[in-house]
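The numbering of the sequence shown is the numbering used here, which starts it at 1116 and goes up by one. The structure appears below as structure tokens.
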Amino acid sequence: MDRISNKEDITLIWFDSKMNSNNHVEQTKKQLRQIIDYVIFHTQLESCITFIQSIHNEKIFFISSIYDALQILSHIKNLSQIDSIFVFNWEKVDHKNLVLNHSRFIGIYDELDLLCVSIQEQVDYLDQHLHIFSFFDQNEHWAKDLSKQTADFLWFQLYHDVLFQLTHNEEAKQELIDACRSYYRDNAKELQMIKKFENEYRSEEALQWYLKKSFLHKIINKALRTKDFDQLDTFRYFMRDLTKNFVQEHQKKVQSGKEIRFLYRGIKLTSDEIEKFKENTGKLVSINGFFTTSSLRSTSLNQAMKPSRTNDFIPVLLEIQFNLQNLSNSAIVANTVHFSKLPCEEQEDIIFDSNATFRLESVKMEDDIWLIQMIASNEGQIIKDKYIKDSHRQMEDLSIKILFGRLMCDMGQWDQSQHFFQHLLNNLNSNNEDLAMVEYSLGEVLQWKGEWSEARKYYDHVYDRIMHVKPTRVKNSANILLNIGEILYLQGKYEEACDYYEQALALRKKIYPATKIDRPNLPTHQHSSLLSRVCTSFWYVLLASSRFFQSYTGWFWTRYFLGIYRWFLPKHAANRMELVDAQSNRTQLQEMCQNLQESGSLQLSKTPLDGHVPIATSLNSFGKILFRQAKYDEAVIFHKQALTLLEEYYHSTHINIAVTLMHIGHVLTYQRKYDEALDYCQRAMSIYANYYPNGHIYIASTLNHIGYILYLEDKHDEALTTHKRALAMLQEYYPFGHVDIAYTLSGIGNTHCRQGKYDEALTFYQQMLEISQKYYFSGHDDIICALNNIGYIHREQGKYDESLDFYRQVLALQENYYPLYYANIAYTLNQIGNVLIEQKKYDETLKFHQHALELQEKYYPNGHADIAITFNNVGRTFRQQEKFDKAIEYHQRALEIQEKYYPSGSVILADTINCIGHVLYDEEKYDAAIDYYRRALSIQENFYSDDYIETSHTFSFIGTTLYKQKKYDEALQFHQKALTIQENHYESTHIDIARNLNSIGNVLYSQEKYGEAIDFYQRSLAIREKFHPFDYAGIVIVLSNIGNALYGQRKYDETLDFYQRALTIREKFDANNQVGIVDSLINISNVLRDQRKYNEAIEFQQQALMIQEQNYPSDHVNIAYSLSNIANMQRWKDEHNLSLICEQNCFLMRLKLLPPDHENIGHSLSNIGHIYENLDKTTLALDYYHQALAIYTKCLPSSHYNLCTMQSNIERLSEEL
């Protein structure tokens, strides 16, 4: 046993920030370990809190130094892991005035011995009251198939049976001793007891040894409480003896003929625990471990009423009606009174074995104490027998050991299940009939852990073994083929998966020849076609493209509806598999789809009931393939036909039906038929709740998918509440950190992300990543998904380098572990491109998108809806490069694909139509752009209500275009519509609201309503700076806009402040955006110019000119503009010669760049004329004025100010000459 994890029920943590200066630490630890073996010292607050939060299977006794008490208590007040708090006063300082308020606070101690006494008292108290009670509704389950039941008491019932089949020899005994000696190597007290055990232990004394409360008692209690089979297996030698002792004592008790009608136990419960008992009145109760009772009510009553140093526990008396003669051997009990050092003739102490079950009769208050009345019952044994019978009906000849291993797998104890089956495999000979099932079960566990390659190896062995045994087990072979198809499906190899599904179909024709669907015969699967563990962890983050969201269908679904059928679905390698009528099989799905198109349904002949479940399984498998091919209508028909078969087969609701309902809900969700999808999910939920009234992974998974649907409908508060319900259920069902919890964390993160709460979303995604990394190998798709989500958040926060780092991690994992899964790799390449485009690295962006396109076209030779996403990405890149024709070409190609896959229309088409509108907008073809935007709006309004969030984006697009057309009133109306929807759907901090506020400000600015514009800009800025502080580009835009509005109000000092803030941010966080920096420099220069601070103004304008000449030497227009500005300011400073040089350079540049009669050439000529006039060179000035007039006459109306001014200048100078 390792020392990394605690094998006992209590962890002792001592926090002392000054501990390093204490010379008594080691001696203190030794003394404490005589009471609690697992002792941890901490000196750093943060690491101490983190360590406490990581503990979930133990109670914590916490000791703080008196100096640190006030600080540490404020941090641990809400940590439920802490059972008792002690404060130690090393230096015996005065603490009369120290007030410590905490419900678990025990006391302050100046002496270590007194502290140890108090700790021992709390240990004894906890040992008396630390029990886990599990409930089971026996009446609800008599009519049900129990093969998928995962109740705790089944674990204890089966363990009890398995125990007697485990090895019991000297080697097993020595294994126990060696493990304990290693674990307690620094604990002198326990080492002494281990040595005594090694020398003196006899099997018939096992119960006595257990009651000594030494290392055996502590480790066994923890292992039973947490159902830790690995630990119990190490102790199998002793556990078998202990169980035999129970049987012997039980027989003695029966033979004595002495009746005991009632047994009692005094315990402490919280108010929530008492309510739990009330809710489960009439149901069965099991207790995780051995349970000691007394025949004397008074003894137990005193036990219950014993004062507690904490005030959150309530005394409870358990009264157990006990008829030993009626219990047979289903509830093993032992009388321990004769093992007591002080036996009492009037009292008998009866201890129940861990497989005992009780019926809960009543919970009531009586004589100022809660009385819980139970009856010891045989029903646990009866339900176990039904569980075995139902399981054998699903698969014949399953041994108890295999059933137990599979139960652990069903309960999510994958590592323990794997260890158990590996142990069985190592101890079976090659002819053992269990060998095939053991290998298969190992493969299945590995498949659940995401280790698909390793799982496949075991399935290979199973298939080879089956194929070499005569007669061949055709049914099992078909199941193996189907399971291989499932692995291929999970890996995204849909064409290969379909091949294996069809091979399974062909084999099943031999099993059920009377079963026909259309022209091809539809195959079979065994009764347990259960899609075990429907993990509705969707992993959806809606991925932004341009200014709207698109949902991506790629590889997020790999764990969603895994479709792993629980009871004998092995796998094998393709090169070992005989192809079964391969050529004809390959066309079966195509034929069925053709029939679907012709008739609209699958035509079933009369089908024997025993073929219904296997056929339904195959139908669901084909439905999943069709879903991945984006053939949603056909997929729904397959799943609905499966549902019909299952409902005909089962006389009542069944989990298989619920699973199929979820398949249908899944596809409908993707068709964006949210109300229908929600209805199917609710129907599935009612079945799950009926099977598992106390909560279950299935229910949590369904809640997660319901939360996802609500999320897609922008019902964020409801979505968050639903995901949190799932999280609460999972945290109760599993200790925190279980992999299934990661899916719910993702759902919560997605909702926060959609609300623009990126920091909160990031926290949940990081938790999800940590859990996934703990449970999975480094390349598991859940880890990849978590990294993807984090990369997306960083991108939305404007942290592009960090975003790229995460996406490149994803790409490396995919290329390493899934090199042939081109669709996933293409998705990541697209995401990298989406970050690079934000960095304006357009050539690199294009390379990544085009590489993605190559992989997609290779992976989907017949086309796929995902290719349209890449076409749109390429089009968006060309748009940024101002290659508008190419941009429209790619968007049109995307639209053609989407119209093919969504013939009945879809809002996805609206997204692409908007993309085309964006290109036309950039081309300044505003009327055409608005036409496309209105087309998109019409589609959205057809599918959604008027207040749907995607509609708000299109309103904004129309508003922005109208603004460009200077139709300000109309533009304002559309932006206001968009803002109203966004404020109804989003938190007030969402980035879309900030963007729309800015757009409204722009309209008002253009209407010269500067004060109103500033109000909207300020609201936008407040959201950005507080909630999106890393969106530097957006912040700069709003700062500049506020500066512009203040400039319009001629508030120059305030204007300078905002322009300077914009420049500082650009230089610090967006240094590569040279164009933006130039804009800021020119803005500042213009304000200084208007303040007549010409020297400073020229300095900023020259900085701008220097950047332009260094970085954009061919950008003659803007360089000429800067030269002209400098020339004007030099002229106003009477530096006419310098001004002349700049203006002449500007003039020459414009001559090269512009048409000969362009207005700006006229401006340069006019400016040169002014300079010569100021230099008293009237003749030259007049000549330039004449040249300017000639150009103005060609390009300006006769009444234009510049033309009139030039005429006036010529007349004036002509008179002077």
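Quick reminder that beta carbons are idealized off the backbone N, C-alpha and C, glycines included.
Rounded C-alpha distance that separates residue i from residue j
i: I1595; j: Y1890; result: 26 Å
i: A1551; j: I1487; result: 47 Å
i: H1171; j: Q1196; result: 7 Å
i: Q1440; j: R1474; result: 17 Å
i: V1362; j: E1930; result: 58 Å
i: I1221; j: K1133; result: 22 Å
i: L1970; j: Q1946; result: 14 Å
i: A2242; j: R2176; result: 27 Å
i: E1959; j: N1865; result: 29 Å
i: E2038; j: L1961; result: 20 Å
i: S2053; j: K1998; result: 28 Å
i: D1131; j: N1204; result: 11 Å
i: L1842; j: I2003; result: 45 Å
i: E1320; j: D1356; result: 8 Å
Integer Cβ distance of residue i from residue j, believed to fall under 8 Å
i: M1489; j: V1431; result: Going by Cβ atoms, the distance from M1489 to V1431 rounds to 12 Å, so no, they are not a contact pair.
i: N2198; j: G2163; result: Actually they do not touch by this definition, with Cβ atoms about 13 Å apart.
i: A1983; j: A2009; result: 4 Å
i: F1344; j: F1536; result: In fact, because the Cβ distance is near 11 Å, the residues do not count as touching under 8 Å.
i: I1191; j: I1223; result: Actually they are not in contact, since the Cβ atoms of I1191 and I1223 sit about 16 Å apart, beyond 8 Å.
i: T1859; j: N1819; result: 6 Å
i: S2239; j: S2279; result: 7 Å
Sequence-distant residues of its chain with Cβ nearer than 6 Å to residue i (five each side left out)
i: L2290; result: H2251
i: R1380; result: T1408, S1415, L1433
i: R1588; result: I1581
i: E2274; result: C2310
Contact set for residue i: own chain, Cβ-Cβ below 8 Å, skip 5 residues either direction
i: S1592; result: Y1578, I1581, M1582, L1622
i: L1522; result: T1265, L1269, W1270, L1273
Close Cβ partners of residue i (< 7 Å) along its chain, the five nearest in sequence each way excluded
i: L2295; result: Y2287
i: I1899; result: V1925, L1928, Q1929
i: E2127; result: L2119
i: T2293; result: L2328, E2331, L2332
8 Å Cβ cutoff met for residue i and residue j
i: F1742; j: V1774; result: no
i: L1760; j: I1730; result: yes
i: Q1235; j: I1128; result: no
i: T1847; j: Y1873; result: Rather than Thr, the amino acid found at residue 1847 in this sequence is Glu. Contact flag unset, no.
i: L1845; j: I1863; result: no
i: N2111; j: Q2088; result: no
i: Q2223; j: N2233; result: yes
i: H1283; j: Y1352; result: yes
i: I1389; j: I1435; result: no
i: L2077; j: E2065; result: no
i: H1831; j: R1869; result: yes
i: H1365; j: V1448; result: yes
i: I2108; j: I2138; result: yes
Element boundaries [alpha helix (DSSP H), containing residue i]
i: E2169; result: 2167–2184
i: I1982; result: 1980–1995
i: W1563; result: 1550–1563
i: K1368; result: 1351–1371
i: V2232; result: 2231–2247
i: T1414; result: 1412–1420
i: W1529; result: 1529–1541
Residue i Cβ short of 7 Å to the ligand PLP heavy atom set
i: Q2189; result: Of ligands this structure carries none, so the ligand PLP is not represented either.
First and last residue of the uninterrupted beta strand (DSSP E) at residue i
i: P1430; result: 1429–1436
i: A1491; result: 1484–1492
i: M2355; result: Coverage of the chain is limited to positions 1116 through 2332, which leaves residue 2355 absent and any answer about it impossible.
i: K1383; result: 1377–1384
i: L2333; result: The chain is shown only over 1116 to 2332; residue 2333 falls outside these bounds and no answer can be derived.
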